[in-house]
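Residues in the sequence shown are numbered from 1 upward in steps of one, following full-length UniProt numbering. Worksheet: the structure to be examined is printed underneath.
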Amino acid sequence: MSKHDDDITPQKALLTLEPKPPITLIRGYLNNEQQVALINEAQAYPLSRPEIQVFGKFHAIPRQQVWFGDLGCDYLYSGLFIRALPWPKYANKLRHKLAKDFSLGSNGVLVNHYVDGKDCMGAHSDDEPEIAKGSDIASITLGASRDFVLKHKHSPARYSINLQSGDLLIMHWPMQKDWQHSLPKRLKVKDPRWNYTFRQLMVNFHA
Ligand SMILES: O=C(O)CCC(=O)C(=O)O
Numbered sequence: 001m002s003k004h005d006d007d008i009t010p011q012k013a014l015l016t017l018e019p020k021p022p023i024t025l026i027r028g029y030l031n032n033e034q035q036v037a038l039i040n041e042a043q044a045y046p047l048s049r050p051e052i053q054v055f056g057k058f059h060a061i062p063r064q065q066v067w068f069g070d071l072g073c074d075y076l077y078s079g080l081f082i083r084a085l086p087w088p089k090y091a092n093k094l095r096h097k098l099a100k101d102f103s104l105g106s107n108g109v110l111v112n113h114y115v116d117g118k119d120c121m122g123a124h125s126d127d128e129p130e131i132a133k134g135s136d137i138a139s140i141t142l143g144a145s146r147d148f149v150l151k152h153k154h155s156p157a158r159y160s161i162n163l164q165s166g167d168l169l170i171m172h173w174p175m176q177k178d179w180q181h182s183l184p185k186r187l188k189v190k191d192p193r194w195n196y197t198f199r200q201l202m203v204n205f206h207a
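Right under this line is the structure:
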């Protein structure tokens with residue numbers, strides 16, 4: 001259950017407190033030096049805005065992304081097949097830090113870059129079949145603060161967390177089964193944000 005309930009706001013319109021999402025929030029998990037090293041490294045990431053088909057029409061996704069992972073950890077995400085690129089130095093250091101601090105194993109990371117508050121991610125669950133059953137997903141925020149919204153699938157419960165640079169959010173199993181999450185547009189936000197979600201995939205699932 002959440003370690004920082006004070007930081008998680010039930011959305012005012014609904015005022016539903018239960019159930020609570022199975023998450024752990026660690027404010028300021030990365031210090032300034034670690035954040036700067038990652039943001040500098042991210043300037044060289046081969047980011048793209050691939051097009052996906054929605055109701056028969058192709059649209060560029062409203063953010064940039066890249067997937068890094070171990071050999072055999074390719075990912076079919078939002079209908080896109082993404083071959084794993086080799087781990088960059090600081091992203092790899094961060095996965096080892098998460099493994100040491102939380103025994104949180106991961107063999108791939110999706111990096112999302114939101115250029116400003118117009119970029120966003122719609123409501124979804126990270127429940128692709130190649131994600132190892134029962135595994136947790138760790139999410140790191142760098143740059144601009146943004147609201148992260150959680151919506152329970154079988155009740156009106158809805159929460160919002162303002163994620164800030166350096167924060168770590170661990171989404172524990174069975175969050176991806178019972179909840180959807182999203183990063184809504186926030187037009188007042190003018191600065192960029194990076195998000196790293198570390199995932200454990202079944203190796204060679206797409207071989
Ligand atoms: O940017 C975020 O915090 C959300 C990222 C996300 O939902 C995802 O990668 O599945």
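Glycine included, C-beta positions come from ideal geometry on N, C-alpha and C.
Kindly give me the distance between the Cβ atoms of residue i and residue j, rounded to whole angstroms, as I take these residues to be in contact under 8 Å.
i: residue 65; j: residue 47; result: 7 Å
i: residue 94; j: residue 67; result: Their Cβ separation, rounded to whole angstroms, is 15 Å, which puts residue 94 and residue 67 out of contact at 8 Å.
i: residue 207; j: residue 79; result: Actually they are not in contact, since the Cβ atoms of residue 207 and residue 79 sit about 20 Å apart, beyond 8 Å.
i: residue 200; j: residue 105; result: 5 Å
i: residue 35; j: residue 183; result: Going by Cβ atoms, the distance from residue 35 to residue 183 rounds to 19 Å, so no, they are not a contact pair.
i: residue 91; j: residue 196; result: 7 Å
Sort out for me which residues DSSP pairs residue i with in a bridge.
i: residue 57; result: 54
i: residue 175; result: According to DSSP, which records beta bridges pairwise, residue 175 is partnered with nothing at all.
i: residue 112; result: 65, 195
i: residue 25; result: 169
i: residue 143; result: 193
Give the DSSP-derived three-state secondary structure of residue i in the structure shown.
i: residue 90; result: helix
i: residue 202; result: coil
i: residue 151; result: strand
i: residue 98; result: helix
i: residue 38; result: helix
Any idea if residue i is buried or exposed, counting beta-carbon neighbours within 10 angstroms, 16 or more meaning buried?
i: residue 193; result: buried
i: residue 74; result: buried
i: residue 56; result: exposed
i: residue 208; result: Residue numbering for the chain in the displayed model covers 1 to 207; residue 208 lies beyond these limits and cannot be assessed.
i: residue 157; result: buried
i: residue 176; result: buried
i: residue 17; result: exposed
i: residue 268; result: Because the chain here runs from 1 to 207, residue 268 falls outside it and cannot be looked at.
i: residue 108; result: buried
i: residue 198; result: buried
i: residue 119; result: buried
i: residue 32; result: exposed
i: residue 181; result: buried
Does the Cβ-Cβ distance between residue i and residue j come in under 8 Å?
i: residue 139; j: residue 169; result: yes
i: residue 151; j: residue 179; result: yes
i: residue 166; j: residue 30; result: yes
i: residue 113; j: residue 146; result: no
i: residue 111; j: residue 144; result: no
i: residue 52; j: residue 39; result: no
i: residue 22; j: residue 174; result: yes
i: residue 130; j: residue 88; result: no
i: residue 137; j: residue 126; result: yes
i: residue 191; j: residue 116; result: yes
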